[in-house]
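Participant: In the numbering used here, the protein residues as written are 65 to 175. What follows is a single structure, and I will ask about it in a moment.
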């Protein structure tokens, strides 16, 4: 059964999805058009197994959905507004200090 996530849950899920560069690349690719896993793996230069794990994460986060297409399964963004959000995020100005790095290894409370 599908349920609606709260505002905070949506943002947390989106943040988790964007925390990995491969998932970011998947979302940006799906922003352009729906795609099949094999095509995504080839386009992104990752193994199908690795891609499958990332697609599962994106499905679990509620950002992508599967659409049966004959014997194949196509992936697309769960909501077209995610594509608009990605466009806005890509062009947003992030204020950072040149000597600061926002990584989990450096700062547990960062980001």
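Beta carbons: idealized from backbone N, C-alpha and C, even for Gly. Please read all numbers here as calculations on a predicted model, not as lab measurements.
For residue 141, does the three-state DSSP call read helix, strand or coil?
Facilitator: Counted from its first residue, the chain shown places residue 141 at position 77. Three-state result, residue 141: strand.
Participant: Are the CB atoms of residue 150 and residue 95 within a distance shorter than 9 Å?
Facilitator: The sequence position of residue 95 within the chain shown is 31, counting from 1. The sequence position of residue 150 within the chain shown is 86, counting from 1. Taking 9 Å as the Cβ cut-off, residue 95 and residue 150 qualify as a contacting pair.
Participant: Note the first and the last residue of the continuous alpha helix (DSSP H) segment covering residue 93.
Facilitator: The residue given as residue 93 occupies position 29 in the chain shown. That run of the alpha helix (DSSP H) goes 85 to 96.
Participant: Straight-line CA distance for residue 122 to residue 87?
Facilitator: Residue numbering aside, residue 122 sits at position 58 when the chain shown is read from its first letter. Residue numbering aside, residue 87 sits at position 23 when the chain shown is read from its first letter. So the alpha carbons of these two residues sit roughly 7 Å apart.
Participant: Is residue 105 closer than 9 Å to residue 128 when the C-beta atoms are compared?
Facilitator: Here residue 128 corresponds to residue number 64 of the chain shown, with the count starting at 1. Here residue 105 corresponds to residue number 41 of the chain shown, with the count starting at 1. Not closer than 9 Å, so no.
Participant: Let's test the definition: count the other Cβ atoms within 10 Å of the Cβ of residue 75 and tell me whether it reaches 16, buried, or not, exposed.
Facilitator: The residue given as residue 75 occupies position 11 in the chain shown. Residue 75 is exposed by the Cβ-count criterion.
Participant: For residue 130, which three-state DSSP category applies?
Facilitator: The residue given as residue 130 occupies position 66 in the chain shown. Three-state result, residue 130: strand.
Participant: Report all residues from its chain with a CB closer than 8 Å to the CB of residue 169; omit the five preceding and five following residues, and keep chain order.
Facilitator: Residue mapping note: residue 169 aligns to position 105 of the chain shown, counting from 1. Confidence is the limiting factor: at residue 169 the pLDDT is only 49, short of 50, which leaves the residue's position unreliable, though a coordinate-based value still follows. None.
Participant: Can you list, in chain order, the residues of its chain with a C-beta nearer than 8 Å to that of residue 131? Leave out the 5 residues immediately preceding and following it.
Facilitator: Against the chain shown, residue 131 aligns to sequence position 67. The residues are 98, 137, 138, 139, 140.
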